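In the numbering used here, the protein residues as written are 4 to 405. Using N, Cα and C, we set each Cβ at its ideal position, and we do this for glycine too. Bear in mind the structure is a predicted one, so any value in this text is a computation, not a measurement.
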Ligand code: PLP
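What follows is the structure, encoded as structure tokens:
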């Protein structure tokens, strides 16, 4: 009865873990969740007030499907200020989350059989959106360092390659792509006539090196990275790049659903056509609030980022003490680490590990299998300090043989 397309879609083990969290909580168990992929800070008051004002001003009707003019202007200001990128309104589309922008892009350019290179580990929606759009995901593995090298992309290119997906800082690894590698990837894309889609939703979450550690320790590997938009590295690269961003992570607005994309006019118009026939415009009042959010930029987050950095350092230190080998993440708010040494007859993969940890220790991590690496698990440290401290203790007790 169902379509062939839907039968190809993976149902995610994230959902299995989340379902179990809900069951255990319903049974009255205390569960600490490090699973959630969203920041734990409040939306700034100024953004809330802009939304309330839009409601009170009856800004309630359909808008242009690709976003209101004032918001496109705010996005243009943001790209110029943060990313050294100059765009015009015809290069911008606003969508219901970065996720919708990505999906519209894949729908707009993929034909059956086209290949899309995804560095692995990856955000789990990329391969599913690509399959839904008729494309074939091809993975470029970055383990064990998780630092993407252009040669890993080069090896995956065939004459069917149409798109390269980049995500820096990366979900789930937190790693960034170095400028030299971005340049080489850009050159490859020009030479082979391939599109680049650059997902930059974690752009504001970048931390200095793990400072309390001697520089020869593996824990010192995090770099004082600077976010670089690949589209800013030359006109020819910009002409084939779609840059994706949104407010979910940068302003803690996951539920408000606002994302945007910038790129060549032809692609943006094609994405607009799809949006016109599917969801129409992003919510009118959220578009007004988004102007405030974009103009606020990143400075207001300074204390939050210091706190996230301290949490990253604490969690990396604890996991290292427990005996895990950690690639210290440079950004985002996740740690992705190998748990395979705890696999045995009962615990056979990352889902088995996470399910057992949840049942016995009451701590939720996300199985790495969902992100393309079944030896690993993802921990989100965007949690409050009490939960972070007691969750790490519980992991330590669970893994320490008595
Ligand atoms: N891209 C990455 C890498 C993500 O991790 C997420 C959300 O987790 C998204 C895109 C989706 O963002 P949005 O909430 O704007 O749709």
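Does ligand 1 have even one heavy atom less than 7 Å from the beta-carbon of residue i?
| i | result |
| --- | --- |
| residue 119 | no |
| residue 204 | yes |
| residue 430 | Past the edges of the chain, shown from 4 to 405, lies residue 430, and the structure says nothing about it. |
| residue 373 | no |
| residue 251 | yes |
| residue 170 | yes |
| residue 189 | no |
| residue 196 | no |
| residue 101 | yes |
| residue 174 | yes |
| residue 388 | no |
| residue 303 | no |
| residue 40 | yes |
| residue 262 | yes |
Taking residue i as the reference, give the member of the options with the closest Cα.
| i | options | result |
| --- | --- | --- |
| residue 298 | 47, 25, 23 and 30 | 47 |
| residue 195 | 163, 174, 206 and 175 | 163 |
| residue 403 | 386, 368, 363 and 367 | 363 |
| residue 10 | 236, 334, 143 and 131 | 131 |
| residue 141 | 135, 70, 166 and 152 | 166 |
| residue 407 | 189, 267, 295 and 210 | Beyond the ends of the chain as shown, which are 4 and 405, falls residue 407; an answer cannot be given. |
| residue 315 | 208, 234 and 349 | 208 |
| residue 77 | 66, 65, 91 and 64 | 91 |
| residue 359 | 12, 8 and 23 | 23 |
| residue 126 | 350, 385 and 203 | 203 |
| residue 322 | 334, 335 and 340 | 340 |
| residue 269 | 14, 111 and 56 | 111 |
| residue 152 | 134, 122, 319 and 177 | 122 |
| residue 385 | 158, 45, 30 and 324 | 45 |
| residue 157 | 185, 174, 178 and 177 | 185 |
| residue 401 | 390, 361, 107 and 79 | 361 |
| residue 239 | 260, 271 and 188 | 188 |
| residue 39 | 351, 356, 376 and 335 | 335 |
| residue 168 | 135, 124 and 146 | 124 |
| residue 375 | 367, 229 and 176 | 176 |
| residue 115 | 73, 139 and 60 | 139 |
| residue 304 | 82, 96 and 255 | 255 |
| residue 281 | 106, 55, 328 and 60 | 106 |
| residue 174 | 145, 205 and 144 | 205 |
| residue 377 | 357, 88, 317 and 271 | 357 |
| residue 88 | 273, 317 and 241 | 241 |
| residue 108 | 247, 260 and 328 | 247 |
If contacts are defined as beta-carbon pairs under 8 Å, then residue i and residue j qualify, I think. What distance do you get, rounded to the angstrom?
| i | j | result |
| --- | --- | --- |
| residue 98 | residue 263 | 7 Å |
| residue 43 | residue 387 | 7 Å |
| residue 266 | residue 86 | Residue 266 to residue 86, Cβ: 13 Å. No contact. |
| residue 293 | residue 236 | The pair is not a contact, with the Cβ atoms about 27 Å apart (cut-off 8 Å). |
| residue 337 | residue 382 | 7 Å |
| residue 50 | residue 295 | 5 Å |
| residue 199 | residue 233 | 6 Å |
| residue 366 | residue 37 | 7 Å |
| residue 102 | residue 12 | Not quite, the Cβ-Cβ distance comes to about 15 Å (not below 8 Å), so this is no contact. |
Per DSSP, which residues does residue i bridge with? Please list them.
| i | result |
| --- | --- |
| residue 379 | 341 |
| residue 202 | 170 and 247 |
| residue 139 | 118 |
| residue 65 | Bridge partners of residue 65: none, in fact. |
| residue 366 | 35 |
| residue 334 | 209 |
By Cβ distance below 8 Å, which residues in the same chain neighbour residue i in space, the five residues on each side in sequence not counted?
| i | result |
| --- | --- |
| residue 160 | 120, 191, 195 and 197 |
| residue 393 | 35 |
Below 6 Å CB to CB, which residues in the same chain sit around residue i once its five sequence neighbours on both sides are set aside?
| i | result |
| --- | --- |
| residue 16 | 354, 370, 372 and 373 |
| residue 58 | 288 |
| residue 308 | none |
| residue 396 | none |
| residue 71 | 290 |
| residue 41 | 257 |
| residue 21 | none |
| residue 6 | none |
| residue 182 | 231 |
| residue 53 | 291, 292 and 295 |
| residue 180 | 151 and 171 |
| residue 129 | 121 and 168 |
| residue 221 | Low per-residue confidence applies at residue 221: pLDDT is 47, beneath 50, and the placement is therefore not dependable, though the value from the model is reported in the following sentence. Answer for residue 221: no residue qualifies. |
Using C-beta distances below 7 Å, list every residue in its chain close to residue i, excluding the 5 sequence neighbours before and after it, in chain order.
| i | result |
| --- | --- |
| residue 68 | 275, 278, 279, 283 and 284 |
| residue 148 | 330 |
| residue 2 | Residue coverage of the chain in this structure runs from 4 to 405, which leaves residue 2 outside it and unanswerable. |
| residue 66 | 284, 287 and 290 |
| residue 74 | 97, 290, 293 and 294 |
| residue 244 | 199, 201, 233, 234 and 266 |
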